[in-house]
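*Asks:* Dumping the structure here so I can ask a few things about it.
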Amino acid sequence: MLLAATLLGVLTLGGMTTSWVLLALTFAIGVGAAMNSPAWQAILPEMVPVRDLRPAVALNAMSVNLARALGPALAGLVIAATSAGLVFLLNALSFLGVMLVLYRWRSEPRAGNLPTERTLGAIRAGLRYVRHAQPLRVVLWRTGAFILFGSILWALLPVLSRNLGLRSTGYGALLGCFGIGAVAGGMFLPKVRHRRSTDSLLGAATVLLAAVILGLAYVSSFVGLCLVMVIGGLAWIVIMSSLNAAAQTAVPGWVRARALAVYQLVFQGGVALGSALWGAVASRFDLPTAFLAASFGLILGLVLTSRFRLEAGESLDLTPSLHWPEPTIIIEPSPDDGPVLVMVEYCIDPQQASEFALAMQVLRVIRLRDGGTNWGLYQDSSDVSRVVETFVVESWAEHQRQHERVTRSDRAVEEAVRSFHQGEGPKVSHLFYLRGSRKP
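Residue numbering for the sequence shown follows the numbering used here, starting at 532 and increasing by one per position.
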């Protein structure tokens, strides 16, 4: 982003910026922002205690919306006094400030002697976690249902301003009002968060934003629009801080950046898809129809996704439990040895087989989420009290990472499963392919 902004500033000052150059460098800045955003959000939990995470997320969202409101106004003043090229160079200078802060910030080193995950393997692990993590999938569903319709605010507000005869100053004033509402919402949130659940706050803010979008369809006075935008900023900050905080608290630290990248993909993809959709609707019909449809869509999305509760992720204790014992091995495998077949043998009361199988389905999701594949549960035909759980891990290093990924909430699930076991702890075996045999 620093290089792209600097190049854009230099080319603009030199009079060499064409539409294609502007699009290409804007695309480059967008790529940088897409890479930066998940990492930026992932380090928030390292900067503040857990109890302060939600206010920190709200403060971060408030600063983004404040910058969105003040940025165009400041840029307009700089352009009026100097030129557009200087605006781009000042933008590049801001990246230097961020880099300096990150350079001086020292995070606590993470203990561990496992090799670094390979890029493709890390991507697979992140996607696998998202696939099997129900609390995070709830956040993704709620985010998609919101942003597909809420994106109309940013897609058609410039068109609305133009149709009402507002110039750049008027449009900037509307954004400023939105920023004022966002700041007010950020200050308002901590006072009500202790009295209202996340889902109730999200629902109320969504209904309020739907009313704001409906108001954009019928309010034609500038003062009225400013008031509507203030309310919209308040509703937007409540929604965004609720979703961001839910995404942050739904995943453990080892996969947080990857999970938030998927969250950002859903959000930004929804913005792109929604902008194209509402632009097409406005072109085919008119602006009031588009705003009316989006307002109805927000309410419909809220109704359809309300059964997915964000509070489910708040009750999880994602602290690593580190309770798995070290495997008993004669010859130390290399990290890349594998795949590894893990077998866990249980001795249960056959009369409780159905209840045991149900409890194992919860554990199955945890195994698959943390790196296992080909999970299975088998009962010995010669001894019906003997039940064997199996799953495959791609390498010995990946299985060792499984040991580090088990959380305290996962441990509670394992203890519920082991309550069915009779005798000493279940026997755990680790099997490698015999050298010379053919791997499937």
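Glycine residues also receive a C-beta, built at the ideal position from the N, C-alpha and C atoms.
1. Tell me where the beta strand (DSSP E) around TYR634 begins and ends.
2. Of all the options GLY616, TRP672, THR557, which has the alpha carbon lying nearest to the alpha carbon of LEU835?
3. Ordered along the chain, which non-local residues of its own chain (more than five positions away) have a Cβ less than 6 Å from that of VAL528?
4. Between which two residues does the alpha helix (DSSP H) holding TRP672 run?
5. Buried or exposed for GLU955, going by 16 or more other Cβ atoms inside 10 Å?
6. Using a 10 Å radius around the Cβ and a threshold of 16 neighbouring Cβ atoms, would you call PHE822 buried or exposed?
7. What residue ranges within the stretch 889-957 form continuous alpha helix (DSSP H) runs of no fewer than 4 residues, ordered along the chain?
8. Give the DSSP bridge partners of PRO521, in chain order.
9. Select from ILE770, SER731, CYS757, GLY832 the residue whose C-alpha is nearest the C-alpha of GLY716.
10. Give a yes or no on whether the C-beta atoms belonging to ALA587 and LEU575 are separated by under 7 Å.
11. Of all the options LEU849, LEU732, ALA598, which has the alpha carbon lying nearest to the alpha carbon of VAL714?
12. Could you pull out every residue in the same chain whose Cβ sits closer than 7 Å to the Cβ of LEU747, ignoring the five residues on either side in sequence?
13. Considering only the alpha carbon of each residue, which of GLN779, ALA777, PHE677 lies closest to ALA736?
14. How far does the beta strand (DSSP E) with LEU872 in it extend, from its first residue to its last?
15. Roughly how many whole angstroms lie between the Cα atoms of LEU732 and ARG838?
16. If you check the beta carbons only, do LEU667 and ALA781 fall under 7 Å apart?
17. Assign PHE798 to one of two classes, buried (16 or more other C-beta atoms within 10 Å of its C-beta) or exposed (fewer than that).
*Replies:* Reading from the atomic positions:
1. Premise fails: TYR634 lies in the alpha helix (DSSP H), 615-635, not in any beta strand (DSSP E).
2. TRP672
3. Absent from the model: residue 528. The displayed extent of the chain is 532 to 971, so no value can be given.
4. 665-681
5. exposed
6. buried
7. 927-936, 939-949
8. Since the first and last residues shown for the chain are 532 and 971, residue 521 lies out of range.
9. ILE770
10. yes
11. ALA598
12. LEU691, VAL759, PHE822
13. PHE677
14. 871-878
15. 15 Å
16. yes
17. buried
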